[in-house]
Every structure is written in structure tokens, then in C-alpha cells.
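Heads up: the sequence lines are chains S and H, in that order. The numbering of the first sequence is this note's numbering, which starts it at 1 and goes up by one. The numbering of the second sequence is this note's numbering, which starts it at 1001 and goes up by one. Contents: one structure, followed by commentary.
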Amino acid sequence: MNIYFKWILAAAMGVVFVEGAHAFSRRPVKVIDYEQAYHQDPSGPSSTVNYSSSGSEDMAQLAQSASDGAGDLPSGSKKALCYRSVKQIVADAFKKDLNCVRGLLSSGSAKDAGSDLEKIGFVDDRSKCTTPGVIRVYAGYKKTKWATAGDIHGHVEVLGDDGNYHSFYRSPLPMDESVSPPGRRVLTGCYVPDYNKVRSSALAKCPVSQSGSSGSSRSKGKKGQGVN
Amino acid sequence: MKWLILILMTMSLNIHAQAAKTCEACQQIEKLTQKYDNGEEKKAYEAFNSLVSDIDLSKDKNQRREELVAIVKATSAFLKSDERLDLPQYLQSMREVYPEDVNYALEKLPKDEKKNLEEYINAAEELKKKGEEP
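Structural data, given as C-alpha cells:
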């Protein structure tokens, strides 16, 4: 018994030695610094992106809307409507009328979401693929005998500030890592809002969503400046 | 005459036994269903998803129907774990190739389960063909 106690004591001292006095204290809650995340690696492939502070606020708003469930489809929905969910998240984040947003993001296939998003001021920035608020677009490939709609139409999802990837469902893993076999979904773009482009796009002309609701069934009540 | 009857009976039993043996997919699905019912839902679902997505259905009609009955029953049972809604989409693909056999298998479900699963399969068909909009 005494020997075991000595071993446990020695192991505990070892942990303290390696990790310091904080080894047994509660780990701090991860706080996302959107400003820093948005500004990281500005020398990346799309250094022409406007890295204004409001751009990072747009990202934060997208991430929050996703986590708050703005993309939730009506209960009982039996379709895997990933792009519809993302449209709801965009409408909610920018406080715009959902029908107007759907009119602008009008493609029927998620794999075409990138060109739609570019029309409303988003840019493909591969250095932001894991930044909360990013909209990830995938192409789909039929790698199994029996296909799903995603194998044909691809997939689109928003990374929320809860660390989950949101579309018509939420997953802790991005789609290209959660489906098998590998290569069934291929990431084709990581879209982030460019502050100036968004505000000079057709999105800015969309009417403001009525009663704070952009069409999703969840409750509201959060900060955000929208797009005017 | 007696010998002839005995031979025929033995042959019949052999054929029956072979048919039962050859539905390996049914046995695999049965095991996964048990695993699912015993609390290993995620593992069993992932294994079932992987199995069904790439299954080579039998060329023999009776055998294929047997396989499809097993797939349809398990799909209905696993549906609550199927967040991506993959399973009804595989069935929709199978229905494009073997419509009569998939419908035969659906008939084996209780009425409410059949109606529910058919709605998922029809929704998958619409989505695949028309996309999301309008």
C-alpha cells in the first residue's frame, strides 16, 4: 500500500513538474478571438480580402447564427437540404429577408454555392477554412454503389462558434472527414464575407427580416448590426 | 419410388439450407441490429451505413428480396441515428434499379413505418432529381 502511495505521489509530482502549477486547475474556456482569427495569415492566397474589423464581425455573426440553430429546418423535414439551411444562416446573420436571400443564392445544388456567395460579396479564402463563420463548399463524388443526393449535388456547411459544422444537421467533423470512403466529398472553397463587397452587393438591398426572424424556427435575441 | 421421394426431399432440404446460408448480408445485418439494440448505436449505424452503401444485391430475385427485406427493416430501425439521411437515399437508389423488390420489402414493414420510410425515400428522389430550389 505504502509503495503504491509513493508511486502515485511521484507521478503527481511529475505532472506538476511538466505542466506547472496549473496542471490540476480547471482549464480555461476557449474564447474565440474573431479579430485575430480573421486577420491570421493575411499574406495567404487572397490577401486582397478586406480585413476590416466589421468583416470579422460578419464572421462572428455567421458563426453565432449557425450555432444558435438558424439553419434548423422545420421539424419533420425529410430532405437533406444543406444549402437551404446555409441560406437561413446567412439571412439570419445579416438580418435579411430569407426569401430575398434565397433569390440571390438561387442554385439548386450545394456544389454551386461558391459562385452564388461570390455574387453577394463573399470571397474564397483557403486560409480561413477552420475559422468560425466560414462557409465550406464541397463537390460530391459517387464512390459507392448506391448514391446519395450529396454524391451528385455536393454539400455546404457553416462552422459555428460551438465548433460544430452546421447544415441541416450538426457535426463535430467537417463533411469531408465524416463521410466514407475518402474522396466522396472534396472541399472546393472556404467562403468568407468581404465587408465592402457584401455591403455593395445585392444582399444589401434585401429587405430587413421582419420581427427579427429570417425564417428559421428558433428563438432570437442576439446582437448584430446586419447589412444596410 | 420410396428412394425417389427420399432423394427429392433431401434435394429440397439442401436447396432450402443453401438459400438460408447464402444470405450473408442478412446475417450481418441481423448482428448489427442486435449491436444497435444493445446500446452500440453509433458503431452499428456506421457499419450498417458502410455495408448498405456498397452492397452487391444478389442476382437471384428471391435472395435479393430477402436481402432487401433485411435492409429495409434495419433502415427503419436505424433511422433515428441517420442524421445525414443517407439510408433512405441508398434505398431510393436501389428502388431505381429494383422497384418491385424494394416495394415488396417495404410491404413487410408495419404500416406506419412503411409510410414514414416511403416519405423519406420519395423526398430523396425529389432532391436528387430536382435539387433544392425552388
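Built from N, CA and C at the ideal position, the CB exists for glycine as well. The structure presented is a predicted model; accordingly, all values stated were derived computationally and were not measured.
Using alpha carbons as the reference points, say which of the options lies closest to residue i.
i: S:Ser209; options: S:Val134, S:Ser106, S:Val90; result: S:Val90
i: S:Asp151; options: S:Cys206, S:Leu62, S:Thr188, S:Arg184; result: S:Arg184
i: S:Tyr195; options: S:Val123, S:Arg84, S:Lys95, S:Val158; result: S:Val123
i: S:Ala93; options: S:Lys78, S:Ser65, S:Gly108; result: S:Ser65
i: S:Ala147; options: H:Ser1093, H:Lys1130, H:Lys1108, H:Asn1103; result: H:Ser1093
i: H:Asp1054; options: S:Lys143, S:Tyr169, S:Lys197; result: S:Lys143
i: H:Lys1061; options: H:Ser1076, H:Gln1027, H:Pro1099; result: H:Pro1099
Taking C-beta to C-beta, are residue i and residue j nearer than 9 angstroms?
i: S:Val137; j: S:Leu117; result: yes
i: H:Lys1035; j: H:Ala1044; result: yes
i: S:Pro193; j: S:Gly55; result: yes
i: S:Tyr83; j: S:Asp125; result: no
i: H:Glu1083; j: S:Ser171; result: yes
i: S:Gly121; j: S:Thr188; result: no
Which same chain residues, not among the five before or five after residue i, have their C-beta less than 6 angstroms away from its C-beta?
i: H:Asp1101; result: Arg1064, Arg1065, Leu1068
i: H:Ser1081; result: Glu1041, Tyr1045
i: S:Asp97; result: Cys206, Pro207, Ser209
i: H:Glu1132; result: none
i: H:Pro1088; result: Tyr1120, Ile1121, Ala1124
i: S:Ala63; result: Pro132, Gly133, Gly160, Asp161
i: S:Ala110; result: Cys82, Tyr83, His153, Gly154, His155, Val156
i: H:Lys1115; result: none
i: H:Ile1029; result: Ala1070, Ala1074
i: S:Asp41; result: Since pLDDT at S:Asp41 reaches only 44, below the 50 mark, its modelled position is unreliable, and no value is offered.
i: H:Pro1086; result: In the sequence under discussion, the amino acid at residue 1086 of chain H is Asp, which differs from the Pro named in the question. Asn1049.
i: S:Ser200; result: none
For the alpha helix (DSSP H) that contains residue i, what are its first and last residues?
i: H:Thr1075; result: 1061-1078
i: H:Glu1037; result: Here residue 1037 of chain H turns out to be Asp, not Glu, going by the sequence shown. Taken as a continuous stretch (DSSP letters only), the alpha helix (DSSP H) holding H:Asp1037 covers 1024-1037.
i: H:Asp1112; result: 1111-1130
i: S:Asn196; result: 195-199
i: H:Gly1103; result: Here residue 1103 of chain H turns out to be Asn, not Gly, going by the sequence shown. Segment 1099-1107, the alpha helix (DSSP H) holding H:Asn1103.
i: S:Asp176; result: 175-178
According to DSSP, simplified to helix, strand and coil, what is residue i?
i: S:Lys96; result: strand
i: S:Lys223; result: Residue placement at S:Lys223 cannot be trusted, given a pLDDT of 45 that sits under 50; what the coordinates show is reported in the next sentence. In the structure shown, S:Lys223 sits in coil (DSSP, three-state: anything other than H, G, I, E or B).
i: S:Gly189; result: strand
i: S:Glu157; result: strand
i: H:Phe1048; result: helix
i: S:Ile135; result: strand
i: S:Val208; result: strand
i: S:Ser53; result: Confidence at S:Ser53 is low in this model, with a pLDDT of 49, below 50, so its placement is unreliable and the value that follows should be read with caution. Note: S:Ser53 maps to helix in three-state DSSP.
i: S:Val123; result: strand
i: S:Tyr141; result: coil
i: S:Val18; result: Residue placement at S:Val18 cannot be trusted, given a pLDDT of 44 that sits under 50; what the coordinates show is reported in the next sentence. Note: S:Val18 maps to helix in three-state DSSP.
i: S:Ser75; result: coil
i: H:Arg1084; result: coil
i: S:Arg102; result: helix
i: S:Arg184; result: coil
i: S:Tyr165; result: strand
Please return the same chain residues whose Cβ sits closer than 7 angstroms to the Cβ of residue i, not counting the five positions on each side in sequence.
i: S:Val186; result: Tyr138, Ala139, Tyr141, Asp176
i: S:Val179; result: Arg185
i: S:Gly103; result: none
What does a CB cutoff of less than 8 angstroms around residue i pick up in its chain, not counting 5 residues either side in sequence?
i: S:Ser232; result: Since the first and last residues shown for chain S are 1 and 228, residue 232 of chain S lies out of range.
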